[in-house]
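A.B. asks: Sharing a structure below in structure tokens format, with a few things to ask.
Protein chains in written order, with my numbering: chain A, 1 to 456; chain B, 457 to 912.
Below is the structure:
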């Protein structure tokens, strides 16, 4: 904390007063332009309402690619190209069901709010019906592993509400979604259900990616809404409970997807470039509005605003709509693979993939010197919301590029209290995004990119 | 900006390392307690869904008073009392209507989204029908004053989207809501409609208080939703437009209302007290969830958390649910009047009346020395969201107390990008409030009050 304040003080060693005045004026023009002429909200409406959920491999994803190409051209990119990459093609395959069929000696029919986890394989036709082994965590399963055989294991590991940053709770619970199925299968479980990775007050089920360990049977895996998870867990403490699970997930052959890359060519150092992006794919349950429609339309907004203001960057800029973050990371990997083969050099990468909420700053992974430089810009960005530059950040899609080239990476850090309430659910829709919050995110991103272009 | 950073540096002159550690530990306990045991969200549900909108003088307001008394007792106040004050009793009286009846030569029936302004008097029975004089602002009306006679004047002054803090736009447009009717009446207008005080993307009409200048006829006054305001303004530029306005507002005799005051008695300085509050009344159009149900339940939450943790303040504390902010300010005035007659002395006041969104800090009106002291606590509060202490703030309800006693006053400063989208509309409902955001506001308020109690 002292460090942060210390660096904020170093403004003056880095920028002259005249530079500050010029930058401040430009940033105000940029902000005014985005707030009065910005297209991000309109574009988000198109992406979410005309296309909707767009998992890699789906027809909607291809519609989104063509849409992205069109709107980046319209926004004024010097060139736009599609960068092909093979993507997994998982399909949900039907309407997931989880129904409690027996509680103690009593036959019942209680439907639960459920969604199959992404990349999971469906139940045998007609579903499975089995007793539930409800456990709090992996440790409890380990202690009760002899009870797991033939059962549906239910991991009810909750978000810790005392973490002020909800992302920390998401990080802690993620292992149950990713690995829960194989860990349960190891002990003979026939299916797994998890408590959704959220701390919300509603009952929406949250999907998200899982993976199988090939050493164990690939059992079906699904997530329950929190209210139903609480009920199921309580019932399981009092009596034997039988659950019927029916899911349809399966893979079609890998198919071609595309990163959409819009380019502004640099005036002084065209062979060095800055990458800005978000991911174009989204889960199928909602409209992918915050995750990551917001990042997509903010990326395009920066391009549009720079062109509208006649700003010609020194370095080239890549505005990238990445192909496949959610269930494969193939877009980010392919972008980095191609970049590694080319002579042009990336110097900085920025991603927005934490929702379209009011920006509070950035998380930046880089060395101390660059971090100090970036933090010295806080006073320039603070009028638009950047109060804080944290020392770690970036984004999944830019990760492979950043790791290959060892370049500084930042991620937009919006207010995130609501993010995991709607993340990967049917509630991640256009209506959950506020126009001004979305635009302010774009302004802070554009401001950071402008300063990087000028002073890196 | 430099000043802010400068003061943040002064932490160490003010607090010893041992004090910091003690405070930090207490604040963590406080936050954990609120995030795991907090009642604010449940109480907000009661206030909004069991009672709902609660304008001063209404039966709902009296229900809210009795509810407030009960829940403050349950939260553990040493004593709770009702402080009577006379309040205005304005009633909407019916369903407001604004219908375009003629456009050019064509008879039409186009209903607009409308709400009568609070404290405005209704149209004569059957409504009024008149030509619309659409103007951008007072200057245009002044220039066209000869056209106003017999017309409905329409002030279409918009929120300036380039202000990053929407409250600034609200401040700038407020004069049209408050004074527009009498300024139009001065030139012979028979009614006034204004563009709602908002920058939202929807068409909800925003009510709010207005006042008449007794020198001019008291003409009906209403606000239009933004989409309809845009349309009406555009049509008026192209052709004569006739509007039918029908409103029913009127005053019943002033009636008795109450401030609800919960007290924690100080252990060392019981005759000095800290006042914390929000306002219990709300407009009738919605449920008064953000404005100001949030402030009410946060106030009660602080009391509950202090009691739950066994914290005994040095100074006494008043937790005040003020009676009548929206259309009369009688609650805050009466509280200050009574305080001025008593020998006990207030030392600090805090209000939450800017919505239940994620806290970003406080605005504090006080002298340089006290401001420096308060800013020195930022590092202690920052883990819970307080990044910034601005140099101006407070609240309408605590205003009279603060002005009389010249005491430091702070107002919770939540993220406010969404606030004026829903402010005074039917959209200000429980569902618009996020549980964690609400609780985090209470945590930061409680933390500030704890530090004031300890170090003032």
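Think of the CB as a built atom: it goes at the ideal place given N, C-alpha and C, for glycine as much as any other residue.
#1: What residue from B:605, B:711 and B:643 has the CA that sits closest to residue 546 (chain B)'s CA?
#2: Given residue 610 (chain B), which residues of its chain have a CB within under 6 Å of its CB, disregarding the five upstream and five downstream residues?
#3: With 16 other CB atoms within 10 Å as the buried threshold, where does residue 215 (chain A) fall?
#4: With DSSP as the reference, identify every bridge partner of residue 261 (chain A), one or two as the case may be.
#5: When the Cα of residue 393 (chain A) is compared with those of A:48, A:42 and A:367, which residue comes out closest?
#6: For residue 811 (chain B), which of B:559, B:890 and B:585 has the nearest alpha-carbon?
#7: Using DSSP's beta-bridge definition, name the partner residues of residue 198 (chain A).
#8: Could you name the residues of the same chain whose beta carbon sits closer than 7 Å to that of residue 195 (chain A), not counting the 5 residues immediately before and after it, in chain order?
#9: Go to residue 928 (chain B), then tell me how far its beta strand (DSSP E) extends in each direction, as first and last residue.
#10: Listed from N- to C-terminal order along the chain, which residues in the segment 871-898 of chain B have their beta-carbon within a distance smaller than 8 Å of any beta-carbon of chain A?
#11: With H, G and I counted as helix, E and B as strand and the rest as coil, what does DSSP make of residue 584 (chain B)?
#12: What three-state label does DSSP hand residue 178 (chain A) in the structure shown?
#13: Measure the Cβ-Cβ separation of residue 815 (chain B) and residue 868 (chain B) and say whether it is below 9 Å.
#14: From this set, B:704, B:794, B:753 and B:857, which residue's C-alpha is nearest residue 494 (chain B)'s C-alpha?
#15: Cβ of residue 387 (chain A) less than 9 Å from any chain B Cβ?
#16: Any residues in the segment 126-146 of chain A with a beta carbon nearer than 8 Å to a beta carbon of chain B? Which ones, in chain order?
#17: Starting from residue 687 (chain B), follow the alpha helix (DSSP H) in both directions and report where the run begins and ends.
#18: Tell me, please, whether the CB atom of residue 35 (chain A) is closer than 9 Å to any CB atom in chain B?
#19: My guess is that residue 570 (chain B) and residue 586 (chain B) are in contact by the Cβ rule of under 8 Å, so how many angstroms apart are they, rounded?
#20: Which residues of chain A have a Cβ atom closer than 9 Å to the Cβ of residue 474 (chain B), listed in chain order?
#21: Starting from the N-terminal side, write out each stretch of the beta strand (DSSP E) that is 3 residues or longer and does not extend beyond the segment 387-418 of chain A.
#22: Chain A partners of residue 620 (chain B), CB-CB under 8 Å?
#23: Look up residue 490 (chain A) in the DSSP assignment and say whether it is helix, strand or coil.
#24: Whose C-alpha, out of B:501, B:770, B:843 and B:852, is nearest the C-alpha of residue 871 (chain B)?
#25: From A:317, A:338, A:267 and A:242, pick the residue whose C-alpha is nearest to that of residue 104 (chain A); which is it?
#26: Using a Cβ-Cβ cut-off of 8 Å (strictly less than) and excluding sequence neighbours within five positions of residue 271 (chain A), which residues of its own chain qualify?
#27: Check whether the Cβ of residue 360 (chain A) lies closer than 9 Å to any Cβ atom in chain B.
#28: Checking contacts by CB at 9 Å: is residue 459 (chain B) closer than that to chain A?
#29: Just checking: is the beta-carbon of residue 504 (chain B) within a distance shorter than 9 Å of some beta-carbon in chain A?
#30: Between which two residues does the alpha helix (DSSP H) holding residue 768 (chain B) run?
#31: Return no unless some Cβ of chain A is closer than 9 Å to the Cβ of residue 681 (chain B).
#32: Can you pull the chain A residues whose beta carbon is under 8 Å from the beta carbon of residue 657 (chain B), in chain order?
#33: So what's residue 365 (chain A) in DSSP terms, helix, strand or just coil?
#34: Mind the definition here: the segment 309-328 of chain A touches the segment 262-279 of chain A only if three or more C-beta pairs lie below 8 Å; say whether that holds.
#35: So residue 756 (chain B) packs on residue 527 (chain B), CB below 8 Å; how close in whole Å?
#36: Name, going along the chain, the residues of the segment 151-178 of chain A whose beta-carbon falls closer than 8 Å to a beta-carbon of chain B.
C.D. replies: According to the data block:
#1: B:711
#2: 588, 590 and 649
#3: exposed
#4: A:81 and A:320
#5: A:367
#6: B:890
#7: Per DSSP, none; premise fails for residue 198 (chain A).
#8: 155, 156, 157, 158, 224, 226 and 229
#9: The first residue shown for chain B is 457 and the last is 912, placing residue 928 (chain B) beyond what the model contains.
#10: 871, 873, 874, 877, 890, 891, 892, 893 and 896
#11: strand
#12: helix
#13: yes
#14: B:753
#15: yes
#16: none
#17: 682-694
#18: yes
#19: No, residue 570 (chain B) and residue 586 (chain B) are not in contact; Cβ-Cβ is about 15 Å, not under 8 Å.
#20: By Cβ distance, chain A contributes nothing, its closest Cβ being about 17 Å from residue 474 (chain B), past 9 Å.
#21: 388-390 and 409-414
#22: 31, 383, 384, 385 and 440
#23: Residue 490 (chain A) falls outside the range modelled here, since chain A spans only 1 to 456, and no answer is possible.
#24: B:843
#25: A:242
#26: 316, 343, 344 and 345
#27: yes
#28: For residue 459 (chain B), the predicted model reports a pLDDT of 40, less than 50, meaning its position is unreliable and no value from the coordinates is stated.
#29: no
#30: First-last for residue 768 (chain B): undefined, no H or E at that position.
#31: no
#32: 41 and 435
#33: strand
#34: yes
#35: 6 Å
#36: 161, 162, 164 and 166
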